[in-house]
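Quick note: the sequence shown uses UniProt numbering, first residue 1, plus one each step. Glycine is no exception: its CB is placed at the ideal position from the N, C-alpha and C atoms. One structure is given here, and the rest of the page talks about it.
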Amino acid sequence: MGETPHRSADAGTGGTRVTQSHEWPAGASARVAEAPVSTRSPGGTGMGGGGALPRSRKFGAERAFRGLTLAAGTAVLVIIAAIAIFLVAKAVPALRANTENFWSYEGWSPNETQPKFGIGALAFGTVLSSALALLIAVPVALGIALYLSHYAPRRLGTALGFLVDLLAAVPSVVFGLWGRDVFSSPVGDFSVWLNKHFSWIPLFGGDGPFGASVMLGALVLAIMVLPIITSLSREVFLQTPTANEEAALALGATRWEMLRTAVLPYGRPGIIAAMMLGLGRALGETIALALTLGITFGISFNLIQNGGNTIAANIANAFGEANETGRGALIASGLVLFAITLIVNITARAIIYRRREFTESAA
């Protein structure tokens, strides 16, 4: 009691000094004391294994990669914003010179002294042909994807899948020329048959001529988007957990019931993504529709009578002979197509995100 703490003596001098363990951080001395002598650092001042962890480099590979990915993501947003600014800047003068309502007028005469043009008929034709193409292509694509992934033998499924993927490599102008010169004749005959037997339905009415119609354009579009939807859906179906499929079969389900209860629900987000990607391709298709549609301006639900037009096809057909105001009008229509495409993609992402949240909460 009352005595000063004992200090260790130096073996060489007999003097007193604080031991080296008092100079280490709290808790370090106990760990060093417990460690074997051979694991201590030569000077008795470090820890086993070479001391403290090395400090991260200020400009290492990880930081460089992080900066590169951030720059790439930012560049995408900057490019989208730059495209939007360019379209708006070029479209405003033509919109100011327009003497008709841009949203409701169904004609297109921007090269006249009094420019008159509207986007209503073009936007309607774009959405109608794309929606009809998607309606035709999706059931066929899902059927092909299910057959290739769960019914066909592996070798046959791989070979057929490769052939389906090759359709995506065919240029759109080839589809357009084939649709105009070869496919238009059977589509015209089928349109005449529909008009003869179902003319009481407004979709198949009219007095002709038939051939270069929305139906022809939609069928060509459906063939063009078919490989995209099929390929993505097939990959999604192949990712279905084997345990889910075997559990359904073990409960007595048939193969179709297994697909309906295990495969299709699991791949629903991927199916939606494939559909939206195909819709985006259909909305922006240009030359194929320019060669197969009748190129008229008007809002009509008739699918078999000559006519129909889209924003992209109108840009391809009218840009060569357009004056300054006409080019501005075409750019304004391109701005509307740009907005429609963005809305479609944002909607698809929202649907997939909500579906993922629902799946995660259920799990």
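Collapsed DSSP secondary structure at residue 256 in the structure displayed: For the purposes of this step, residue 256 is identified with residue 256 of the sequence shown, where counting begins at 1. Helix.
Endpoints, alpha helix (DSSP H) assigned at residue 246: In the sequence shown, the residue the question calls residue 246 occupies position 246. 242 to 250 is the extent of the alpha helix (DSSP H) around residue 246.
Contact under 8 angstroms by Cβ, residue 110 with residue 298: Here residue 110 corresponds to residue number 110 of the sequence shown, with the count starting at 1. Here residue 298 corresponds to residue number 298 of the sequence shown, with the count starting at 1. Their beta carbons are not under 8 angstroms apart, which means residue 110 does not touch residue 298 by this criterion.
Residue 350, buried or exposed, once every other Cβ within 10 Å from all chains shown has been counted against 16: Along the sequence shown, read from residue 1 onward, the residue named residue 350 stands at position 350. Here residue 350 is exposed: its Cβ has fewer than 16 other Cβ atoms, across all protein chains shown, within 10 Å.
Selection from 127, 138, 113 that minimises the alpha carbon distance to residue 341: Against the sequence shown, residue 341 aligns to sequence position 341. The candidate whose alpha carbon is nearest that of residue 341 is 127.
N- and C-terminal bounds of the alpha helix (DSSP H) containing residue 149: Counting from 1 along the sequence shown, the entry for residue 149 is found at position 149. First-last for residue 149: undefined, no H or E at that position.
Complete runs of the beta strand (DSSP E) confined to the segment 274 to 306 [at least 3 residues]: Restricted to the segment 274 to 306, not a single beta strand (DSSP E) segment is unbroken, complete and at least 3 residues in length.
Same chain, Cβ closer than 6 angstroms to residue 132, neighbours up to 5 away in sequence not counted: Locating residue 132 in the sequence shown gives position 132, counting from the first residue. Here the set comprises 218.
Extent of the continuous alpha helix (DSSP H) run through residue 194: What you label residue 194 is simply residue 194 of the sequence shown in a count that begins at 1. For residue 194, the enclosing alpha helix (DSSP H) begins and ends at 184 to 198.
Residue span of the alpha helix (DSSP H) that contains residue 75, given as start and end: Counting from one through the sequence shown, the residue named residue 75 turns up at place 75. Segment 61 to 97, the alpha helix (DSSP H) holding residue 75.
For residue 108, the residue or residues it bridges with in DSSP: In the sequence shown, the residue the question calls residue 108 occupies position 108. DSSP lists 117 as the beta-bridge partner residues of residue 108.
Classification of residue 206 by the beta-carbon crowding that lies within 10 angstroms, buried from 16 upward: Within the sequence shown, the letter at position 206 stands for residue 206. Taking every protein chain shown into account, the CB of residue 206 has 16 or more other CB atoms within 10 angstroms, so this residue is buried.
According to DSSP, residues forming a beta bridge with residue 210: Start at 1 with the first residue of the sequence shown, and residue 210 comes out as number 210. DSSP lists 305 as the beta-bridge partner residues of residue 210.
Assigned exposure category for residue 292 - 16 Cβ within 10 Å defines buried: Numbered from 1 along the sequence shown, position 292 holds the residue referred to as residue 292. Answer is buried; the Cβ neighbour count reaches 16.
Within 8 angstroms, strictly: CB atoms of residue 274 and residue 229: Counting from one through the sequence shown, the residue named residue 274 turns up at place 274. Counting from one through the sequence shown, the residue named residue 229 turns up at place 229. Result yes, Cβ atoms of residue 274 and residue 229 sit closer than 8 angstroms.
Inter-residue Cα distance where the pair is residue 215 and residue 134: Numbered from its first residue, the sequence shown carries residue 215 at position 215. Numbered from its first residue, the sequence shown carries residue 134 at position 134. Each residue's Cα considered, the two are about 12 angstroms apart.
The segment 91 to 98 contacting the segment 326 to 338, beta-carbon criterion three pairs below 8 angstroms: Yes: at least three Cβ pairs fall under 8 angstroms.
Residue 336 versus 153, 120, 114, 73, residue with shortest Cα-Cα distance: Residue mapping note: residue 336 aligns to position 336 of the sequence shown, counting from 1. Taking residue 336 as reference, the option from 153, 120, 114, 73 with the minimal CA-CA separation is 120.
contact_flag[the segment 97 to 107, the segment 180 to 194] where n(CB pairs < 8 angstroms) is 3 or more: No: fewer than three Cβ pairs fall under 8 angstroms.
Closest residue to residue 241 among 192, 261, 272 (Cα-Cα distance): Stepping through the sequence shown from its first residue, residue 241 is reached at position 241. Shortest Cα-Cα distance from residue 241 to any of 192, 261, 272 involves 261.
Reference residue 104, options 122, 302, 236, closest by Cα: On the sequence shown, residue 104 is found 104 positions in, with the first residue counted as 1. Nearest to residue 104 by alpha-carbon distance, out of 122, 302, 236, is 122.
Nearest-angstrom Cβ-Cβ length linking residue 107 and residue 287, presumed shorter than 8 angstroms: As a working mapping, residue 107 is identified with position 107 in the sequence shown. As a working mapping, residue 287 is identified with position 287 in the sequence shown. Wrong, their Cβ atoms sit about 24 angstroms apart, outside the cutoff.
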